Amino acid sequence: MKKDDGWTILREIELHEWIVIAYILCILLLRFFLGFWEIPVLKLTFGTIEYLLSNLLFLPGVILKYMSYIPQHELILVITTSAAVIYMVEKKKKIAVPRNTWLFLRAILSMFALVMVYDTLSNYQEQNNLVYILNQHDYTQIFMRCDQEMFGIQPTIYLQQYANPLLTEIMYLTYGLHFVFPIMIAYVLAQKKEKDQLNEYILAVVILIVCGTTMYFIFPGKSPIYTLDYTNELKGYFLSDIIKFKVDETRNYHLDCCVFPSIHVALAALNLLYAFKYTKKTGKMLAIPIILSWIATVYLRRHWAIDGIAGIILASTVYKITPSIYHWWNKKKIK
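If you count the sequence shown from 1, you need to add 29 to reach this note's numbering.
Okay, here's the thing in structure tokens:
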């Protein structure tokens, strides 16, 4: 048996986990040097967990809202303790828990942590919007012109003629499920006990989100819903009101800054590519909802069409380069 030399835990950390740790540190250090360290980052981003759970359960999350009083130090303790427990159980096997369960939880932890950091980019008061503090250029008009020149019309305005409550309900449903798709794929791969496939997939998701959020700093802009004039309001039924409320709560006019590329579209495209690569049955099941989620970003006026095109290009690029990066990392770990 290989003796633990004290560096075992570092060697066990996967590349996607290192990237998440580095990205979180970069964002927190950036806020510190800009003088925003006093902002309760973790407390505010706890709303992201509420948002994810309300997406998963299709609930308004009213009850979960009362959980946001948890102090920062307690939330930090919960996260670090959970991570430590997962590691110790996986290594020591003192508790009889299926290996695939811990593979899944470890993978999901990285995605949740990254989503929480993403939520901190704009989920603040107007004067503390990190993206616009670092880059005051607004590319909204450029995105608008791109759509006009490519299609001869504004796609979001064109689609309003087809708006009806049932279609709006379906669009909001698929739009709100975009974080559920990667969880489903990760679960399927974990159940198959395909550790390498799961780690490569999570690495691709992490690279995509990091690249996408970094591009938000370079190309800040606002959504069509806050830019163009529409002749009708999108009205659905029950679920659409819940999801719209959650989106508007965190992405109002002052906080809206992150549209290019569309991570909604990019993540959905990446999910579709990996679903067909590793689990064709899952790919066929998710194909229609994922394609609808692409249309939903424009129909719901949350993204310009050019955002979605950029998202698909980003997803295709990440899908192409991730296997080489993952194989390089594995060879390095063996050495």
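By construction, the Cβ of each residue, glycine as well, lies at the ideal position given by its N, Cα and C atoms.
Quick caveat: nothing in here was measured; it's all calculated off a predicted structure.
Alpha carbon of residue i to alpha carbon of residue j, nearest angstrom
i	j	result
Gly-337	Ser-353	26 Å
Ile-350	Ile-199	33 Å
Val-234	Asn-193	33 Å
Pro-290	Ala-339	5 Å
Gln-181	Leu-195	Looking at the sequence shown, residue 181 is not Gln but Gly. Cα-Cα distance, rounded: 28 Å.
Asp-225	Tyr-187	44 Å
Cys-175	Ala-334	9 Å
Ala-298	Ile-341	6 Å
Leu-232	Thr-260	43 Å
Met-213	Thr-242	23 Å
Met-179	Met-173	10 Å
Trp-358	Ile-236	14 Å
Leu-54	Gln-170	33 Å
Cys-287	Ile-238	12 Å
Leu-163	Gln-220	43 Å
Thr-130	Glu-223	12 Å
Tyr-168	Val-160	13 Å
Phe-305	Gly-250	33 Å
Ile-247	Gln-177	22 Å
Val-118	Tyr-191	Residue placement at Val-118 is poorly supported in this model, since its pLDDT is 49, which falls under 50; the coordinates are not used for a value here.
Asp-258	Gln-183	11 Å
Ile-292	Gln-189	23 Å
Asn-228	Asp-285	32 Å
N- and C-terminal bounds of the alpha helix (DSSP H) containing residue i
i	result
Tyr-307	292-307
Thr-197	194-205
Thr-242	224-247
Val-209	209-220
Gln-170	169-180
Ile-186	184-187
Lys-159	For clarity, residue 159 is Leu in the given sequence; the question names Lys instead. Where Leu-159 is concerned, the enclosing alpha helix (DSSP H) stretches over 159-163.
Expected contact under 8 Å - CB spacing of residue i and residue j to nearest Å
i	j	result
Trp-323	Val-294	5 Å
Ala-325	Tyr-204	4 Å
Tyr-307	Leu-218	6 Å
Gly-312	Leu-321	Their Cβ separation, rounded to whole angstroms, is 15 Å, which puts Gly-312 and Leu-321 out of contact at 8 Å.
Pro-211	Leu-132	Actually they do not touch by this definition, with Cβ atoms about 14 Å apart.
Gly-265	Thr-185	About 17 Å; that fails the 8 Å criterion.
Cys-240	Leu-343	6 Å
8 Å Cβ cutoff, residue i in contact with chain B
i	result
Phe-246	The structure shown has no chain B; it contains just one protein chain.
How do the stretch 318-333 and the stretch 248-260 stand: do at least 3 beta-carbon pairs fall below 8 Å, yes or no? yes
Three-pair Cβ contact test at 8 Å for the stretch 43-57 versus the stretch 134-143: yes
Pairing CB atoms from the stretch 200-220 with CB atoms from the stretch 306-322, are three or more of them under 8 Å? yes
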